[in-house]
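In the working numbering, the protein residues as written are 217 to 415.
Think of the CB as a built atom: it goes at the ideal place given N, C-alpha and C, for glycine as much as any other residue.
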């Protein structure tokens with residue numbers, strides 16, 4: 217999708233997701249005084265993690281990234297590139313890349329979780345997964361959920377040319393996904409550059 221010209225709304229949204237997550241993760245790591253662990257669900261080739269490592273160099277505290285994706289090719293690619301680059305640039309950090317179906321994953325404590333693929337999930341699945349991932353958060357943990365905004369002007373390009381069908385949601389619809397499994401007041405929402413983001 218990144219090969220689509222920059223002015224396209226969808227490609228801006230994809231880049232925006234990367235920027236949002238990279239900024240949040242980098243901020244957590246730069247302030248860290250103890251080891252940090254991050255879970256990236258539907259991580260693809262680990263592009264975000266590589267950008268974080270490039271930006272921070274060698275952090276003061278150890279950092280571990282868990283990359284999980286159902287696409288075996290994406291995981292192999294991330295292993296070939298991310299792991300090597302991580303060890304070269306940041307000896308105190310590590311990346312585990314795993315080919316997993318999401319329902320097989322179980323974490324008891326997760327300081328920071330990222331899942332920016334909720335626009336692939338219908339309401340029932342999205343609600344169940346949100347509640348499950350929220351239960352993994354440790355004390356003071358943060359979870360970031362991303363969904364394409366409802367007003368997508370390039371939907372016909374994505375579906376007609378690329379066969380890429382998503383579920384577009386308004387801010388209110390994204391917030392409603394949180395209600396069954398996340399305590400009131402624990403989730404905030406913002407829309408930034410064509411992406412509805414649930415924090």
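Across the structure, residue 275 and residue 239 are spaced so that their CA atoms are roughly 15 Å apart. Out of 366, 384, 359 and 233, the CA that lies nearest to the CA of residue 394 is found in 359. Between residue 389 and residue 405, the C-beta gap is not smaller than 8 Å, which leaves the two residues out of contact. Ranking 257, 346 and 385 by CA distance to the CA of residue 402 puts 346 first. Excluding its 5 nearest sequence neighbours in each direction, residue 234 has C-beta neighbours in its own chain below 8 Å: 263, 264 and 267, listed in chain order. DSSP, read as helix, strand or coil, puts residue 254 in strand. Residue 281 sits in a strand when the DSSP states are folded into three classes.
When the Cα atoms are used, residue 386 and residue 398 turn out to be separated by approximately 19 Å. In this model, residue 351 and residue 357 are separated by some 10 Å (Cα to Cα). Per DSSP, residue 385 lies in no alpha helix (DSSP H) segment and is marked neither H nor E. When beta bridges are read from the DSSP output, residue 337 appears opposite no residue. Closest in C-alpha terms to residue 343, from the list 285, 396 and 251, comes 396. Contact annotation: residue 364 and residue 338 have beta-carbon atoms that are not nearer than 8 Å. At the C-beta level, residue 236 and residue 272 stay beyond 8 Å of one another. For residue 288, the enclosing alpha helix (DSSP H) covers residues 288 to 294. Taking the CA atoms as reference points, residue 243 sits about 13 Å from residue 277.
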